[in-house]
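K.L.:
There's a structure below that I have some questions on.
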Amino acid sequence: MTTHPSLAIEATGLTKAFGDTQAVDGVDLAVRSGSVYGVLGPNGAGKTTTIRMLATLLRPDAGSARVLGHDIVTEADAVRGLVSLTGQLASVDEDLTGRENLILLGRLLGLKRAQAKARAAELLEAFGLADAAGRLVKNYSGGMRRRLDIAASIVVTPQLMFLDEPTTGLDPRSRNQVWDIIRALVAEGTTILLCTQYLDEADQLADGIAVIDRGKVIAEGTPAQLKASVGSGALHVRLLDPQQRPDAERVLARELGAAHGEPDPAALTAPCVSADRAAEAIGELSRSGVRVAGFSLGQPSLDEVFLALTGRPAEEQDPETATVTHEEQPA
Amino acid sequence: MSTAPTSPARPGPTAQEAALRSALSSTPRPPRASALSAALTFGWRGMLKVKHVPEQLLDVTITPVMFLLMFTYLFGGAISGSTEDYLQYILPGILVMSVLFTTVYSGVALNTDLTKGVVDRFRSLPIWRPAPLLGALLGDSVRYLVGGTVIIVLGLALGFRPGAGLGGVLAALALVLVFAFGLSWVFTTLGLVLRSPSAAMNAGFMGIFPLTFLSNVFVDPRTLPGALEAFVDVNPISHLATASRGLMEGTAASGSIIVALATAAALTAIFAPITTRLYRNKG
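This is how it looks when you write it as structure tokens:
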């Protein structure tokens, strides 16, 4: 296998089965140094298994990968010296305090006692956890736990960071905080492999995205390419007067090609490829005398991406995490 | 009170953001932690857990105290004619039993750890592979020490008089701790093979319970039926109890001490690598 120095991750044909379940079925990845690469897929698609192989926690059944130039099987120890992992389960010790967690990691990574303490204090301050530093992690909120988890991953700055669903289950505010931290990390030059179920998260953060389904990469590209291949987002319109909905539907269908009502009698939706087209359509509505209460331009959801790419909706295969609802980021 | 009309207030470029930036700016990677330092750090982790969850110490203190009081005052008279005589016989044995029973919890704790995400982080660190396991056992050894000390202090208060004085008692305690360290590796292996903490607990006690009772901890084996006596005589726990008695009484049985140390060494040599391997390959 040839090695490109500009590639932080180079995986070919990674395969892993658990019993009869083919969790990862020949995944190829090429992740540029300094970029954020999103791996997008529903629960059970093989995202976590892929990350665990790349982070040297699992041995692939077949295929190979180099992380920062080191083979993940034969040079696993070298890989471990350069990467850090923020797992799907919070990878911090719940029975210790936040400060103790960070000191523990610092000591294990080779910092002297005083250095480890100073670094812990610095990180707790930076991540807004200084007030909770002496509390046991089991009493932390989900957002605090996540931030501590990421802080623990950068006690010593890694060259590459694996982030497995960093915002699943978080409220919008905590989610924004985590996104800000990830952006700051990238600005400092860390390469990030980000697994997520949310297209908008990948869209917000990632330079490139691989969509993974049933252990296989089914699409790859920039967020823009991916959204374009999916077709479009959607224009959601709310009317002041539900009586005008048939008129609005006619106008939107003429302007955007299709439109349909929603369960809410005052709301309707039309597929829409760009904000410009949406603005024109809204303008056309008001010219026709339809009074608009509000409108928004939504991105295609993971479900719509999957529907477009595979012709079937994303499957939730893990009943435990499938119930986690995705709260929309406030506009 | 009014709130911002658009979005939840996002902190602007504040002191916090500056702190974030400065915390993220690359710090030079320190040299790797030595094997010893990593193991001791994991030992420290074990100590912190005892500090935050002191109830953990209940099982290593209450149970042995109950056993000591129960056996001495309930069965002592019947077995040895007087509770005083029986205390002299059973105290080193209770010390062995209480510390060995505690070793089962090392496997339970490891199994519990595996259900948490933190193990993934430990396994992704560039550290000496057995460090988390060795460190946990070092931490557990402190708990064994606490349990053993409780027994000895209570025994002295009840009238136990070691012929070899404090030095003999400490030597016996040290020997029991070394043996417990070796035996712990068996239970950490079990903890990695079995599915749940309670399975690790049940399997552990299913093994250690009969092995301890089929030894000379409680009764003189000469009173036992022939086949049973033969088993008791080769049981390493009998040798450990005999050695502890010898050290405390000042009649050191060097043969038994050697058997006890050799058993600990053999258990470590076999089960420490198995545990490490299982831990590393745990999916």
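Quick note, the sequences are listed as chains A and B, same order.
The first sequence stops at residue 331 when you use the numbering used here, and every number in between is there.
The second sequence stops at residue 1283 when you use the numbering used here, and every number in between is there.
Ideal Cβ positions, reconstructed from N, Cα and C, are used throughout, including at glycine.
Who pairs with A:D164 in a beta bridge, going by DSSP?
P.N.:
Position 164 of the first sequence, counting from 1, holds the residue named residue 164 of chain A. Paired residues: A:C195.
K.L.:
Looking only at its own chain, which residues have a Cβ that is under 7 angstroms from the Cβ of B:P1092, when we skip the five neighbours before and after it?
P.N.:
By 1-based counting over the second sequence, the position of residue 1092 of chain B is 92. Here the set comprises A1172, A1241, S1244, R1245, M1248.
K.L.:
Given that B:A1019 touches chain A, what residues does it touch there, using C-beta distances under 7 angstroms?
P.N.:
Position 19 of the second sequence, counting from 1, holds the residue named residue 1019 of chain B. Ordered by position in chain A, the residues that pass the 7 angstroms Cβ test against B:A1019 are E125, A126.
K.L.:
What did DSSP end up calling B:P1064 once you bin it into helix, strand or coil?
P.N.:
Position 64 of the second sequence, counted from the start, is the residue given in the question as residue 1064 of chain B. It is helical.
K.L.:
Over what stretch of residues does the beta strand (DSSP E) that includes A:E94 continue unbroken?
P.N.:
Along the first sequence, read from residue 1 onward, the residue named residue 94 of chain A stands at position 94. From DSSP, A:E94 is part of no beta strand (DSSP E); its letter is neither H nor E.
K.L.:
How would you label B:V1108, buried or exposed, when you count the other beta carbons within 10 angstroms and need 16 or more for buried?
P.N.:
Within the second sequence, numbered from 1, the residue matching residue 1108 of chain B stands at position 108. So B:V1108 counts as buried.
K.L.:
Do you know offhand how far A:A8's Cα is from B:P1197's?
P.N.:
On the first sequence, position 8 is the one that residue 8 of chain A refers to. On the second sequence, position 197 is the one that residue 1197 of chain B refers to. When rounded, the distance between both Cα atoms is 39 angstroms.
K.L.:
Answer yes or no: do B:E1098 and B:F1067 have a C-beta to C-beta separation smaller than 9 angstroms?
P.N.:
As a working note, residue 1098 of chain B is residue 98 in the second sequence. As a working note, residue 1067 of chain B is residue 67 in the second sequence. The amino acid occupying residue 1098 of chain B in the given sequence is Ser; Glu does not appear at that position. The answer is yes: Cβ separation under 9 angstroms.
K.L.:
Distance check for A:G41 and B:I1237, CA to CA, integer angstroms please.
P.N.:
As a first step, residue 1237 of chain B must be located in the second sequence, where it is residue number 237. As a first step, residue 41 of chain A must be located in the first sequence, where it is residue number 41. So the two alpha carbons sit approximately 55 angstroms from each other.
K.L.:
Any idea what DSSP makes of A:Q115, helix, strand or coil?
P.N.:
Your numbering for residue 115 of chain A matches position 115 in the first sequence. Three-state result, A:Q115: helix.
K.L.:
In whole angstroms, give me the CA-to-CA distance for B:A1164 and B:G1250.
P.N.:
Taking the first residue of the second sequence as 1, we reach residue 1164 of chain B at position 164. Taking the first residue of the second sequence as 1, we reach residue 1250 of chain B at position 250. If you take the alpha carbons of B:A1164 and B:G1250, they lie about 4 angstroms apart.
K.L.:
If you reduce the DSSP assignment to three classes, tell me which class A:Y37 lands in.
P.N.:
What you label residue 37 of chain A is simply residue 37 of the first sequence in a count that begins at 1. Strand at A:Y37.
K.L.:
Sort out for me which residues DSSP pairs A:T21 with in a bridge.
P.N.:
Residue numbering aside, residue 21 of chain A sits at position 21 when the first sequence is read from its first letter. DSSP, once it has assigned bridges, lists A:F18 as partnering A:T21.
K.L.:
If you reduce the DSSP assignment to three classes, tell me which class B:V1108 lands in.
P.N.:
By one-based count along the second sequence, residue 1108 of chain B stands at place 108. Correct three-state label for B:V1108: helix.
K.L.:
Terminal residues of the continuous alpha helix (DSSP H) containing B:A1078?
P.N.:
Working through the second sequence from its first residue, we reach residue 1078 of chain B at position 78. Counting along the chain, the alpha helix (DSSP H) containing B:A1078 begins and ends at 1076-1080.
K.L.:
For a contact defined as C-beta to C-beta under 9 angstroms, what are the partners of A:A90 on chain B?
P.N.:
What you label residue 90 of chain A is simply residue 90 of the first sequence in a count that begins at 1. The contacting residues are K1116, G1117, V1118.
K.L.:
Kindly give me the distance between the Cβ atoms of A:L124 and A:L102, rounded to whole angstroms, as I take these residues to be in contact under 8 angstroms.
P.N.:
Counting from one through the first sequence, the residue named residue 124 of chain A turns up at place 124. Counting from one through the first sequence, the residue named residue 102 of chain A turns up at place 102. Their Cβ separation, rounded to whole angstroms, is 7 angstroms, which keeps A:L124 and A:L102 in contact under 8 angstroms.
K.L.:
Would you say A:A133 lies against chain B (beta-carbon separation less than 9 angstroms)?
P.N.:
The count along the first sequence starts at 1 and reaches residue 133 of chain A at position 133. Not one chain B Cβ lies under 9 angstroms of A:A133.
K.L.:
B:T1041 CB to nearest chain A CB: under 9 angstroms?
P.N.:
Here residue 1041 of chain B is taken as the residue at index 41 of the second sequence, counted from 1. Yes, its Cβ sits closer than 9 angstroms to a Cβ of chain A.
K.L.:
Give the straight-line distance between the Cα atoms of A:D180 and A:L205, rounded to the nearest whole angstrom.
P.N.:
Counted from its first residue, the first sequence places residue 180 of chain A at position 180. Counted from its first residue, the first sequence places residue 205 of chain A at position 205. Straight-line Cα distance between these residues: approximately 10 angstroms.
K.L.:
So, is B:Y1073 buried or exposed, given that buried needs 16 or more other C-beta atoms within 10 angstroms?
P.N.:
In the second sequence, the residue the question calls residue 1073 of chain B occupies position 73. It is exposed - the Cβ of B:Y1073 has fewer than 16 other Cβ atoms within 10 Å.
K.L.:
Assign B:S1196 to one of three DSSP states: helix, strand, or coil.
P.N.:
Taking the first residue of the second sequence as position 1, residue 1196 of chain B is located at position 196. It is coil, neither helix nor strand.
K.L.:
Suppose the cutoff is 8 angstroms on Cβ atoms and the five residues either side in sequence are ignored; what does the same chain contact list for A:P158 look like?
P.N.:
For the purposes of this step, residue 158 of chain A is identified with residue 158 of the first sequence, where counting begins at 1. L82, V83, S84, T190, listed in sequence order.
K.L.:
Looking only at its chain, what residues have a beta carbon closer than 6 angstroms to the beta carbon of B:N1111, apart from the 5 residues adjacent to it on each side?
P.N.:
Walking along the second sequence from the start, residue 1111 of chain B turns up at place 111. Counting only Cβ-Cβ distances below 6 angstroms, and skipping sequence neighbours, we find G1191, P1197, A1200.
K.L.:
Determine, for A:G41, whether the minimum Cβ-Cβ distance to residues of chain B falls below 9 angstroms.
P.N.:
As a position in the first sequence, residue 41 of chain A is number 41, starting the count at 1. Judged by the 9 angstroms Cβ criterion, A:G41 is not in contact with chain B.
K.L.:
Measure from the C-beta of A:R146 to each C-beta in chain B and report whether the shortest distance is under 9 angstroms.
P.N.:
Position 146 of the first sequence, counting from 1, holds the residue named residue 146 of chain A. False, the Cβ-Cβ gap to chain B never drops below 9 angstroms.
K.L.:
First and last residue of the alpha helix (DSSP H) that includes B:I1274?
P.N.:
Taking the second sequence and counting its residues from 1, the one referred to as residue 1274 of chain B is at position 274. From DSSP, the alpha helix (DSSP H) with B:I1274 extends over 1254-1281.
K.L.:
Interface residues of chain D around B:I1127 at Cβ under 7 angstroms?
P.N.:
Judged by its chain identifiers, the structure shown contains no chain D, and its protein chains are A and B.
K.L.:
Under 9 angstroms, Cβ to Cβ, is there at least one residue of chain A near B:A1038?
P.N.:
Residue numbering aside, residue 1038 of chain B sits at position 38 when the second sequence is read from its first letter. By this cut-off, B:A1038 is an interface position.
K.L.:
To be precise: take each residue of the segment 66-87 of chain A, compare its Cβ to all Cβ atoms of chain B, and keep it if any distance is under 9 angstroms. Which residues remain?
P.N.:
Hits within the stretch, in order: D77, A78, V79, R80, G81, L82, V83, S84, L85, T86, G87.
K.L.:
Can you give me the C-alpha to C-alpha distance between A:D93 and A:L148, rounded to a whole angstrom?
P.N.:
Within the first sequence, numbered from 1, the residue matching residue 93 of chain A stands at position 93. Within the first sequence, numbered from 1, the residue matching residue 148 of chain A stands at position 148. About 10 angstroms.
K.L.:
Where does B:L1053 sit, in a helix, a strand or coil, going by DSSP?
P.N.:
For the purposes of this step, residue 1053 of chain B is identified with residue 53 of the second sequence, where counting begins at 1. Leu is not the amino acid found at residue 1053 of chain B; the sequence shown has Val there. Correct three-state label for B:V1053: coil.
K.L.:
So, for B:A1265: in the same chain, excluding its five sequence neighbours on each side, which residues have a beta-carbon less than 8 angstroms away from its beta-carbon?
P.N.:
Reading the second sequence from its first residue, position 265 is the one you call residue 1265 of chain B. Closer than 8 angstroms at the Cβ level, and outside the excluded window around B:A1265, lie G1182.
K.L.:
A:G69 and A:V27: beta carbons closer than 9 angstroms?
P.N.:
In the first sequence, counting from the first residue as 1, residue 69 of chain A sits at position 69. In the first sequence, counting from the first residue as 1, residue 27 of chain A sits at position 27. Cβ distance not < 9 angstroms, so A:G69 and A:V27 don't count as in contact.
K.L.:
If we count the other Cβ atoms within 10 Å of its Cβ and call it buried at 16 or more, is A:I182 buried or exposed?
P.N.:
One-based indexing of the first sequence puts residue 182 of chain A at position 182. By the neighbour-count rule (16 or more Cβ atoms within 10 Å), A:I182 is buried.
K.L.:
Could you pull out every residue in the same chain whose Cβ sits closer than 6 angstroms to the Cβ of B:W1128, ignoring the five residues on either side in sequence?
P.N.:
Residue numbering aside, residue 1128 of chain B sits at position 128 when the second sequence is read from its first letter. Taken in chain order, the residues that qualify are A1035, A1038.
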